[in-house]
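Enquirer: Supplied in structure tokens, the structure appears directly below.
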Amino acid sequence: MANARIFGIVAAALIGAAWVFYVAGNAAPSWTGTNGYSNGLWQTCSAGSCTKLDDSPSIDSKLQAARAFMTLACIVTPFAAGCLIFVIVMNKFESLFLWIGKCLSSVSFIFGLIGMATGISYFNSSSVVTLGAAAGVSIVGVILNFIGAIVAGFIRAA
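Here it is, written out as structure tokens:
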């Protein structure tokens, strides 16, 4: 039981940290950048001024997919951490919330991975650019979520 509690705390902390990185990667306008010009999922910036990217249907499908999956990761990840925290606090390691937390942590990892990969693919397909901080933050979020999902998988029901 003590191991389950420790695994639960570690998994919830890692998944919670992954959520912070997902939100930062989704919001920051720095997926790519060259010479004072940077692009994000939602806006593009140059010389200190940012403009919102168009939401029209003509926008590239890779960018739409990256936006959708990163947003889904931002929505699902706190629910995964919340379920695991509920299990730890209530000391109910046999509950349905444990299984929901495990499943949601895996789902949030998949959403984050797809969003990060399609975002990087979209920004690298257009020209020679360097990956920015938001892409790096998203990569860290995916790694933390992956480790958190694995640790959550080791939590045994009582």
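Every letter in the sequence shown is one number past the one before it in UniProt numbering, and letter 7, counting from 1, is 7.
A virtual CB, placed ideally from N, CA and C, is assigned to each residue, including glycine.
Return the residue from the list S125, W99, I85 and I100 that minimises the CA-CA distance to L63.
Expert: By 1-based counting over the sequence shown, the position of residue 63 is 63. Out of S125, W99, I85 and I100, S125 has the C-alpha closest to the C-alpha of L63.
Enquirer: Give the secondary structure of L131 by DSSP, where H, G and I count as helix, E and B as strand, and everything else as coil.
Expert: Here residue 131 is taken as the residue at index 131 of the sequence shown, counted from 1. Of the three classes helix, strand and coil, the one that applies to L131 here is strand, per DSSP.
Enquirer: Quick one: what's got a C-beta closer than 7 Å to G148's C-beta in the same chain, skipping five residues either side?
Expert: Mapped onto the sequence shown, residue 148 falls at position 148. Correct list, in chain order: A11, L14, I15, A18 and S105.
Enquirer: Report all residues from its chain with a CB closer than 6 Å to the CB of T34; omit the five preceding and five following residues, and keep chain order.
Expert: Taking the sequence shown and counting its residues from 1, one reaches residue 34 at position 34. Hits under 6 Å: V129.
Enquirer: Could you tell me the distance, in whole angstroms, from the CA atom of Y122 to the CA atom of F146?
Expert: Indexing the sequence shown from 1 puts residue 122 at position 122. Indexing the sequence shown from 1 puts residue 146 at position 146. Each residue's alpha carbon lies about 23 Å from the other.
Enquirer: Quick check: what's the CA-CA separation for A157 versus F86?
Expert: Taking the first residue of the sequence shown as 1, we reach residue 157 at position 157. Taking the first residue of the sequence shown as 1, we reach residue 86 at position 86. Cα to Cα, A157 sits roughly 14 Å from F86.
Enquirer: Flag this pair as yes or no: are the beta carbons of N39 and T32 separated by less than 8 Å?
Expert: On the sequence shown, position 39 is the one that residue 39 refers to. On the sequence shown, position 32 is the one that residue 32 refers to. Going by C-beta atoms, N39 is nearer than 8 Å to T32.
Enquirer: Once the 5 residues before and after I8 are set aside, which same chain residues still bring their CB inside 7 Å of it?
Expert: Here residue 8 refers to the residue found at position 8 when the sequence shown is read from its first residue. According to the sequence displayed, residue 8 carries Gly and not Ile. These residues qualify, in order along the chain: L84, V87, I88 and I155.
Enquirer: What are the boundary residues of the beta strand (DSSP E) that includes S38?
Expert: As a working note, residue 38 is residue 38 in the sequence shown. Taken as a continuous stretch (DSSP letters only), the beta strand (DSSP E) holding S38 covers Y37 to N39.
Enquirer: Distance check for P29 and V140, CA to CA, integer angstroms please.
Expert: Numbered from 1 along the sequence shown, position 140 holds the residue referred to as residue 140. Numbered from 1 along the sequence shown, position 29 holds the residue referred to as residue 29. About 17 Å.
Enquirer: Applying the 10 Å Cβ sphere with the 16-neighbour rule, what's the burial state of Y22?
Expert: Your numbering for residue 22 matches position 22 in the sequence shown. Buried, by the Cβ-count rule.
Enquirer: Do you know how far the Cα of G82 is from the Cα of F97?
Expert: For the purposes of this step, residue 97 is taken as residue 97 along the sequence shown, with counting starting at 1. For the purposes of this step, residue 82 is taken as residue 82 along the sequence shown, with counting starting at 1. Cα to Cα, the separation comes out at about 9 Å.
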